[in-house]
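Engineer:
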Amino acid sequence: MKGISRRWPTYKYRLGKVIGGLLVTVILASCGINEARTPEQWFDFTWSGLAGCDTLTFRGLAALQRGNGQGLEESFSYTGRLQEHKELSIRGEPVSQRGGHLAGHLQTAGLAQPNGWEAKLRLEHGNWQVQSDDHNALLQGVVRLNPLEQLEEIRMAAKKKITSESGAARGTKVLRIEMDPAEATIRLKDRLLSEMELMREAGLAKLEQVSASQQEQLRDELSQIWTTGSKQLSVMLEQMKATVVYHLTIDRKSGLPSRLTSETTLNYLSPKGVPQREVLRTDNRFGGYQ
10 MKGISRRWPT YKYRLGKVIG GLLVTVILAS CGINEARTPE QWFDFTWSGL
60 AGCDTLTFRG LAALQRGNGQ GLEESFSYTG RLQEHKELSI RGEPVSQRGG
110 HLAGHLQTAG LAQPNGWEAK LRLEHGNWQV QSDDHNALLQ GVVRLNPLEQ
160 LEEIRMAAKK KITSESGAAR GTKVLRIEMD PAEATIRLKD RLLSEMELMR
210 EAGLAKLEQV SASQQEQLRD ELSQIWTTGS KQLSVMLEQM KATVVYHLTI
260 DRKSGLPSRL TSETTLNYLS PKGVPQREVL RTDNRFGGYQ
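When the sequence shown is numbered by this note's numbering, its final residue is 299 and no position is left out of the sequence of numbers.
Structure representation (structure tokens):
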């Protein structure tokens, strides 16, 4: 008994060391659980969390550069609100350029309206559809700015490269997602052709608003304009190449996206054969999850 009593303090000390070691091991193991995920698993993890949200908001900024990219040519901001998981409204307004003037290209496209614009979208069979009877190519183009649509495209892409970025802020995980250039090019071509067709349908719909005596002449003019534009677009799309890169920031605690940026670069030839380059950048920040 005396031997046992003498060894008891040593036994308690060793037991404490073992328990302490186990606790440290458990803590380290729990800290490493998140890091055990591959970049692809991180994306699937945050997508699953996002799919369970009925309500969220986002605010974004889009900027377009042309040519050598010496400066921002045009930009506009937008906000979005998701309700009941499938109903999304996006409202945008142009950002004033130098001297308080709005970018000319945005005005031509209809994006620079003084009161901005608003689009209603609904999730149907995995795609965000504009809820409007108008054949409005502009509103269809808005879908490309929808960060929820972008995340859906990433998820559905047959080929993509997802890697982890170093230097992420504390409590976050940042993924770099590079889409397959060939797949991204085909997807963008299909959308641009679809928007071109919507422009034709919109023009035909407006013909119904003029007198019957003018319709025939205007229909011929519209047909010539659309045919010329369609041929020019086909020439540009034939040699077009697109690269798309996303950076997705994930909140480690909630597992939900906190930020999504994108950079889409287009290289193509103008109808006159002159090399052209356009870069569209978007920056979206999420919140209001429920």
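Glycine residues also receive a C-beta, built at the ideal position from the N, C-alpha and C atoms.
Would DSSP call L265 helix, strand or coil?
Structural biologist: Residue state, collapsed to three classes: coil.
Engineer: Quick check: the segment 264-273 against the segment 281-291, are there 3 or more CB pairs under 8 Å?
Structural biologist: At 8 Å Cβ cutoff, the stretches touch.
Engineer: Pull up the CB-CB distance for S279 and T181, whole angstroms please, since I reckon it's below 8 Å.
Structural biologist: Not quite, the Cβ-Cβ distance comes to about 41 Å (not below 8 Å), so this is no contact.
Engineer: Since R75 contacts E82 with CB under 8 Å, what's their CB separation in whole angstroms?
Structural biologist: So it is a contact: roughly 5 Å between Cβ atoms.
Engineer: Roughly how many angstroms lie between the CA atoms of K250 and D189, to the nearest whole one?
Structural biologist: Whole-angstrom Cα-Cα distance: 11 Å.
Engineer: Sort V244, E225, H134 by Cα distance to E161 and report the nearest one.
Structural biologist: With distances taken between Cα atoms, E161 lies closest to H134.
Engineer: As a quick exercise: from S86, L97, M208, P156, pick the residue whose alpha carbon is nearest that of F295.
Structural biologist: The shortest Cα separation from F295 among S86, L97, M208, P156 belongs to P156.
Engineer: Check each candidate in V139, L132, N136, L154 and name the one with the smallest Cα separation from S84.
Structural biologist: For the residues V139, L132, N136, L154, the minimum Cα distance to S84 belongs to L154.
Engineer: Please determine, among L257, K240, M208, A71, the residue with the shortest C-alpha to C-alpha distance to V183.
Structural biologist: For V183, the nearest C-alpha among the options comes from L257.
Engineer: My output table needs one value for M165: the three-state DSSP class, helix, strand or coil.
Structural biologist: Reduced to three states, the DSSP call for M165 is helix.
Engineer: Counting along the chain, where does the beta strand (DSSP E) carrying L132 start and finish?
Structural biologist: Counting along the chain, the beta strand (DSSP E) containing L132 begins and ends at 126-133.
Engineer: Does the Cβ of I195 have 16 or more other Cβ atoms within 10 Å, making it buried, or fewer, making it exposed?
Structural biologist: It counts as exposed.
Engineer: Taking 6 Å as the limit between beta carbons, can you name the residues of its chain near G212, skipping five residues before and five after?
Structural biologist: Same-chain partners within the cutoff: L231.
Engineer: For D260, write down the residues that DSSP places opposite it in a beta bridge.
Structural biologist: The partner list for D260 (beta bridge, DSSP) reads T181.
Engineer: Is DSSP giving S243 helix, strand or coil here?
Structural biologist: Helix.
Engineer: Just the Cα atoms here: how many angstroms apart are S222 and E210?
Structural biologist: Spanning the two alpha carbons is a distance of roughly 20 Å.
Engineer: Is it buried or exposed, P284, if we count other Cβ atoms within 10 angstroms and call 16 or more buried?
Structural biologist: That one is exposed.
Engineer: For E210, which of helix, strand or coil comes out of DSSP?
Structural biologist: Helix at E210.
Engineer: For H253, which option in L201, E96, I163, T88 has the closest C-alpha, if you only look at C-alpha atoms?
Structural biologist: Before going further, note that residue 253 is Val rather than His in the sequence given. Ranking the options by Cα distance to V253, first place goes to I163.
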